[in-house]
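Heads up: the protein sequence lines correspond to chains P and L, in order.
The first sequence begins at 6 in this note's numbering and counts up by one.
The second sequence begins at 6 in this note's numbering and counts up by one.
Beta carbons are placed, not taken as given, at the ideal position from N, Cα and C, and that holds for glycine.
One structure is given here, and the rest of the page talks about it.
Number of protein chains: 2
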Amino acid sequence: MSKTLDEFKQYLTEMNQYNHVTELIFWDMQTAVPKLGQDAHVEAVTYFSAKSFAMGTSEKLGELLETLAAPGEYEALDDTWKFIVTRMKRDYDRNKRIPAEVYEAYVRAQAESGNAWKEAKAASDFSAFAPHLKKMIDMTAELAGYTDPDMEVYDALLNQYEEGMDSATIDGLFDDLKKELIPLVKQIIAKPYTHPQEFFAYADPDAQRKVQWMLLDYIGFRRDAGAVGETEHPFTMNFSSKDVRVTNHYYENAPLSSMFSAIHEGGHGIFEQNVNPAYDNTVAGSCNYMGIHESQSRFYENILGRRRSFWEPIYDKLCELLPQFQKVSLDEFYREINQVENSMIRTEADELTYCFHVILRYEMEKAIFREHVPVEELPKLWNQKMQEYLQIIPANDAEGILQDTHWSDGSFGYFPSYLLGSIYDGMFLEAIEAELGSVDELLSEGRIGEITEWLNQKIHRYGSTRLPKDVIAKVCGKEVSAEPLIRYFKEKYTKIYELA
Amino acid sequence: MSKTLDEFKQYLTEMNQYNHVTELIFWDMQTAVPKLGQDAHVEAVTYFSAKSFAMGTSEKLGELLETLAAPGEYEALDDTWKFIVTRMKRDYDRNKRIPAEVYEAYVRAQAESGNAWKEAKAASDFSAFAPHLKKMIDMTAELAGYTDPDMEVYDALLNQYEEGMDSATIDGLFDDLKKELIPLVKQIIAKPYTHPQEFFAYADPDAQRKVQWMLLDYIGFRRDAGAVGETEHPFTMNFSSKDVRVTNHYYENAPLSSMFSAIHEGGHGIFEQNVNPAYDNTVAGSCNYMGIHESQSRFYENILGRRRSFWEPIYDKLCELLPQFQKVSLDEFYREINQVENSMIRTEADELTYCFHVILRYEMEKAIFREHVPVEELPKLWNQKMQEYLQIIPANDAEGILQDTHWSDGSFGYFPSYLLGSIYDGMFLEAIEAELGSVDELLSEGRIGEITEWLNQKIHRYGSTRLPKDVIAKVCGKEVSAEPLIRYFKEKYTKIYELA
Numbered sequence: 006m007s008k009t010l011d012e013f014k015q016y017l018t019e020m021n022q023y024n025h026v027t028e029l030i031f032w033d034m035q036t037a038v039p040k041l042g043q044d045a046h047v048e049a050v051t052y053f054s055a056k057s058f059a060m061g062t063s064e065k066l067g068e069l070l071e072t073l074a075a076p077g078e079y080e081a082l083d084d085t086w087k088f089i090v091t092r093m094k095r096d097y098d099r100n101k102r103i104p105a106e107v108y109e110a111y112v113r114a115q116a117e118s119g120n121a122w123k124e125a126k127a128a129s130d131f132s133a134f135a136p137h138l139k140k141m142i143d144m145t146a147e148l149a150g151y152t153d154p155d156m157e158v159y160d161a162l163l164n165q166y167e168e169g170m171d172s173a174t175i176d177g178l179f180d181d182l183k184k185e186l187i188p189l190v191k192q193i194i195a196k197p198y199t200h201p202q203e204f205f206a207y208a209d210p211d212a213q214r215k216v217q218w219m220l221l222d223y224i225g226f227r228r229d230a231g232a233v234g235e236t237e238h239p240f241t242m243n244f245s246s247k248d249v250r251v252t253n254h255y256y257e258n259a260p261l262s263s264m265f266s267a268i269h270e271g272g273h274g275i276f277e278q279n280v281n282p283a284y285d286n287t288v289a290g291s292c293n294y295m296g297i298h299e300s301q302s303r304f305y306e307n308i309l310g311r312r313r314s315f316w317e318p319i320y321d322k323l324c325e326l327l328p329q330f331q332k333v334s335l336d337e338f339y340r341e342i343n344q345v346e347n348s349m350i351r352t353e354a355d356e357l358t359y360c361f362h363v364i365l366r367y368e369m370e371k372a373i374f375r376e377h378v379p380v381e382e383l384p385k386l387w388n389q390k391m392q393e394y395l396q397i398i399p400a401n402d403a404e405g406i407l408q409d410t411h412w413s414d415g416s417f418g419y420f421p422s423y424l425l426g427s428i429y430d431g432m433f434l435e436a437i438e439a440e441l442g443s444v445d446e447l448l449s450e451g452r453i454g455e456i457t458e459w460l461n462q463k464i465h466r467y468g469s470t471r472l473p474k475d476v477i478a479k480v481c482g483k484e485v486s487a488e489p490l491i492r493y494f495k496e497k498y499t500k501i502y503e504l505a
Numbered sequence: 006m007s008k009t010l011d012e013f014k015q016y017l018t019e020m021n022q023y024n025h026v027t028e029l030i031f032w033d034m035q036t037a038v039p040k041l042g043q044d045a046h047v048e049a050v051t052y053f054s055a056k057s058f059a060m061g062t063s064e065k066l067g068e069l070l071e072t073l074a075a076p077g078e079y080e081a082l083d084d085t086w087k088f089i090v091t092r093m094k095r096d097y098d099r100n101k102r103i104p105a106e107v108y109e110a111y112v113r114a115q116a117e118s119g120n121a122w123k124e125a126k127a128a129s130d131f132s133a134f135a136p137h138l139k140k141m142i143d144m145t146a147e148l149a150g151y152t153d154p155d156m157e158v159y160d161a162l163l164n165q166y167e168e169g170m171d172s173a174t175i176d177g178l179f180d181d182l183k184k185e186l187i188p189l190v191k192q193i194i195a196k197p198y199t200h201p202q203e204f205f206a207y208a209d210p211d212a213q214r215k216v217q218w219m220l221l222d223y224i225g226f227r228r229d230a231g232a233v234g235e236t237e238h239p240f241t242m243n244f245s246s247k248d249v250r251v252t253n254h255y256y257e258n259a260p261l262s263s264m265f266s267a268i269h270e271g272g273h274g275i276f277e278q279n280v281n282p283a284y285d286n287t288v289a290g291s292c293n294y295m296g297i298h299e300s301q302s303r304f305y306e307n308i309l310g311r312r313r314s315f316w317e318p319i320y321d322k323l324c325e326l327l328p329q330f331q332k333v334s335l336d337e338f339y340r341e342i343n344q345v346e347n348s349m350i351r352t353e354a355d356e357l358t359y360c361f362h363v364i365l366r367y368e369m370e371k372a373i374f375r376e377h378v379p380v381e382e383l384p385k386l387w388n389q390k391m392q393e394y395l396q397i398i399p400a401n402d403a404e405g406i407l408q409d410t411h412w413s414d415g416s417f418g419y420f421p422s423y424l425l426g427s428i429y430d431g432m433f434l435e436a437i438e439a440e441l442g443s444v445d446e447l448l449s450e451g452r453i454g455e456i457t458e459w460l461n462q463k464i465h466r467y468g469s470t471r472l473p474k475d476v477i478a479k480v481c482g483k484e485v486s487a488e489p490l491i492r493y494f495k496e497k498y499t500k501i502y503e504l505a
């Protein structure tokens, strides 16, 4: 091994220690720390993030990357280290272009904006958040000017969350969806439906915890490399492929919420547990493409989890753990978990109307960065689009434009990932059925493991080493298209709702 | 503020960051990390412990302490910083006398010995552990020669866990106990008793968790500065007074175990939560005297928790959470939690025979360090003493000399702390009743908060700033004596067992 590569690896090992504890403090802040212990954790995470940042932007690292990327050294690297060096050098050069004072101002503004958003949402007062939002928009655009000087700003943002994706492609995909889904949803909404009371009956949180583990085991989330914590908003994080953690909440009168969160986060978790362990603790591991990542969580949650056949092998077990379901037939259960309704909140929306929640946000972001719509006019625009796509208007900003945290921390360009994930899912489903046969057959025979194994081999193990479009090309043999998702939706919902 | 003091505080703040994450990794390793994630945590904890050790033994720290302890600077410090500087300078000088290679060899031997003990215990094979034990004995004595060159070795070890305590004092205390307790236990053991089946009936772990929180709330462990984790062996740890964590286990057929562990660890936790917050993250905070610390956990567990009046206000609640107790009267419950039996395992022993388990270990340690009894002869000596004090002989080494972890990591001199804690408790009980009146009356009236408040004010808030003997002198107005504990035992057990 080259002396420089050796030195580089040692450098990464040390840098990784700082990342490791930073992530651990984050985990503990979400899952364990008592109220009065928060401040000490914030101090610690600030201290160690600064250490990590200093190592990630040091002259030393720059020199190592320079040497390793130069002819002679580079060719001697294996493919994994070629990827790591190229990727890190690109990010290093990109970040180096940001003036230190600009970055510091951004981090400070981000923290202030986050707090302002929380308060504004609690008070349902957009005007209190507006100046912070404006600042985040301006600074995000400014940063993109440094990191991606040759790209149009919003495309640069999209590219940060789903590398290789641009708004021209997304426009086409989302237009196809709108054209087909708007009439479909209209037909569905016309059908009357009453939710069975059992879905809102008291469900012991401890029993929900047991159901959650039953589901995680069932879909293939591995306990020896996984843990579960409890938080208000479920999420997944990982230290490496060997230590992946998901969280969940347990609402006493909404057991479906923890069940589908478990399947969703479990999908993210299965992805991370199955990345090639040789990539651990490098930029090759832990998939960085949000569309691809969401495709996996949403595949388990929706494509598999909202299928009747998914529940067939485990419905008895569910009824045992949560006795209220003993009064609900599997058919009724299946009907409920696929109830389509126009609703206010993205995270609570069904699989179908969810698409409009994302399209709305995508169009808002384009209006912000391309048409420069003034911040003050955004709530009105939000409500207009809610009326257009979902035929409802938020009663206030808390259930309207303030509902999501993303914009408050500057994550503009993230939202489309959710729907890209579903679009990919339509394509993956098609590919799986072509190779393995009917998913319903596999599921009802208890062979879900074969689907997980397929996803592991085709997608998960590559971590970040394959760009989204390459994943799609290799797995599906064609370019990204919304057509398979649309077909899936039409077939499924025509049947459930007995549409013409 | 002096420039040096300012610099010193900054130095401590940074050093504390390393301690903070080291403790956090420890916590996570005990409570959350999945099996495959352990190795990365071990690497991280090794890395950050080394950083912390380097800062704790640096020339820089030595100079700062030297300057602050010198005339002129020292007088200008307030009492807290006087204590901190004096204590840290003493420890710094002490540790500096240990040759680096000796310390490194000790740390390595400790790790090897810990693993060897685990394996030897699992195989119940003392001979596999014997060479490691011998090494730990020799190296512990060698280290004490460096740290405390002017003290006799075993006294130096006792002093490390309970500063200011020596074996001459302990001999007197333990002899008094032996004289009185041996005949008392003989009388008790003669009385027949059958354990009600309900105490071994299935108790839902989730219900036990609820009981645990009910108990922690009841005794005054604060949720805003506290958390609970799950581990095989319960323990308490703290980051500061603002973040104190206890753990527990939940055996399906032994609900009393988690209940009394909750009260015991809760007692440790209440202590730490109520140390003066000005001492946080310094050697003044977090009580370092194990006898005083155990006195608080054991006060809650035994002096309060095994009293009928403790359960009066909460027994209905307990029966609601663990329905098997509905068939047990409070009198029967009280009888069961005070059942005296000669048994093999220290941690499972009742309040009374527990004394003999400690006395045995104390006498063993004296035999090791004063009489230099060869390691090979220790199991025989152990069994002889078991026969002498408890009239039973272990069937094997796993339930005999290998049962505790303490000696495997070199914690010789720790065991007496447990019994010193109980001896102090007898004295504290006397002082409380003299000042607040009958503890039974307070408890049955639901006024346990007044007892906790008394302990907070008299003991907890001082953290490490008062030596054990000063705590006793201030709180009890006399020197340490086993007499109050003996009286407490005699009165209590004469009544329960209707002795003559």
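Residue i (DSSP reduced to helix, strand or coil)
i: M242 of chain P; result: strand
i: D248 of chain L; result: strand
i: V380 of chain P; result: helix
i: E535 of chain L; result: Given a span of 6 to 505 for chain L in the structure shown, any question on residue 535 of chain L remains unanswerable.
i: N253 of chain L; result: strand
i: A232 of chain L; result: strand
i: D44 of chain P; result: helix
i: H200 of chain L; result: coil
i: N347 of chain L; result: coil
i: P489 of chain L; result: helix
i: S266 of chain L; result: helix
Whole-angstrom C-beta distance between residue j and residue i, which should lie under 8 Å
i: A161 of chain L; j: A173 of chain L; result: The Cβ separation is near 14 Å, so there is no contact.
i: M34 of chain L; j: Q22 of chain L; result: With a Cβ gap of about 19 Å, M34 of chain L and Q22 of chain L do not count as contacting.
i: I364 of chain P; j: L424 of chain P; result: 7 Å
i: L448 of chain P; j: E317 of chain P; result: 7 Å
i: L326 of chain P; j: K215 of chain P; result: 5 Å
i: E167 of chain L; j: G296 of chain L; result: 4 Å
i: C324 of chain P; j: F315 of chain P; result: Incorrect: roughly 15 Å between the Cβ atoms, too far for contact.
Closest by C-alpha distance to residue i, when choosing among the options
i: G482 of chain P; options: P:E458, P:F433 and P:D285; result: P:F433
i: T457 of chain L; options: L:I275, L:A146, L:A59 and L:D96; result: L:I275
i: T51 of chain P; options: P:W122, P:L70, P:E28 and P:K40; result: P:E28
i: D285 of chain P; options: P:F240, P:K247 and P:I224; result: P:K247
i: F2 of chain L; options: L:S263, L:H298 and L:R227; result: Residue 2 of chain L is absent from the structure shown; chain L starts at 6 and stops at 505.
**Q.** Residues of the stretch 22-36 of chain P with Cβ closer than 8 Å to any Cβ of chain L, in chain order
**A.** Within the stretch 22-36 of chain P, the residues whose Cβ lies closer than 8 Å to some Cβ of chain L are Q22, H25, V26, L29, I30, W32, D33 and T36, listed in chain order.
Q. Below 8 Å, can you find three or more Cβ-Cβ pairs linking the stretch 483-494 of chain P to the stretch 322-334 of chain P?
A. Contact fails: fewer than three Cβ-Cβ distances are below 8 Å.
Q) Between the stretch 52-77 of chain P and chain L, which residues of the former have a C-beta closer than 8 Å to a C-beta of the latter? A) For the stretch 52-77 of chain P, which is checked against every Cβ of chain L, the residues closer than 8 Å are Y52 and F53.
Q.
Does the structure place the stretch 59-78 of chain P close enough to the stretch 373-385 of chain P that three or more beta carbon pairs sit under 8 Å?
A. Contact between the stretch 373-385 of chain P and the stretch 59-78 of chain P is absent: fewer than 3 CB-CB pairs across the two stretches fall below 8 Å.
Q.
Between the stretch 58-76 of chain L and the stretch 261-278 of chain P, can you find at least three pairs of beta-carbon atoms closer than 8 Å?
A. Taking a cut-off of 8 Å on C-beta distances, the stretch 261-278 of chain P does not touch the stretch 58-76 of chain L, as fewer than three cross pairs fall below it.
Q. Which residues, in order along the stretch 242-254 of chain P, keep a beta-carbon less than 9 Å from a beta-carbon of chain L?
A. Of all residues in the stretch 242-254 of chain P, F244, S245, S246, K247, D248, V249 and R250 have a Cβ within less than 9 Å of some Cβ in chain L.
Q: Specify whether the stretch 462-477 of chain L and the stretch 289-301 of chain L touch according to this definition: at least 3 beta carbon pairs, one from each stretch, less than 8 Å apart.
A: Yes, they touch.
Q. Taking Cβ-Cβ distances below 7 Å as the criterion, which residues of the stretch 214-228 of chain P are in contact with chain L?
A. The stretch 214-228 of chain P vs chain L, Cβ under 7 Å: R228.
Q: Please list the residues of the stretch 252-285 of chain P that have a C-beta atom closer than 8 Å to any C-beta atom in chain L, keeping them in chain order.
A: In summary, no residue of the stretch 252-285 of chain P has a CB separated from any CB of chain L by less than 8 Å.
Q) Are three or more beta carbon pairs between the stretch 112-124 of chain L and the stretch 411-422 of chain L nearer than 8 Å? A) Taking a cut-off of 8 Å for Cβ pairs, the stretch 112-124 of chain L and the stretch 411-422 of chain L touch, as three or more such pairs fall below it.
Q) So, do the stretch 377-397 of chain P and the stretch 339-358 of chain P have three or more beta carbon pairs nearer to each other than 8 Å? A) Contact between the stretch 377-397 of chain P and the stretch 339-358 of chain P is present, because at least three Cβ pairs lie under 8 Å.
Q: Below 8 Å between beta carbons is the criterion; list the residues of the stretch 305-324 of chain L that meet it against any residue of chain P, in chain order.
A: Residues: none.
Q. How about the stretch 11-22 of chain P and the stretch 59-68 of chain P: do they share at least three Cβ pairs that are nearer than 8 Å?
A. Touching, yes.
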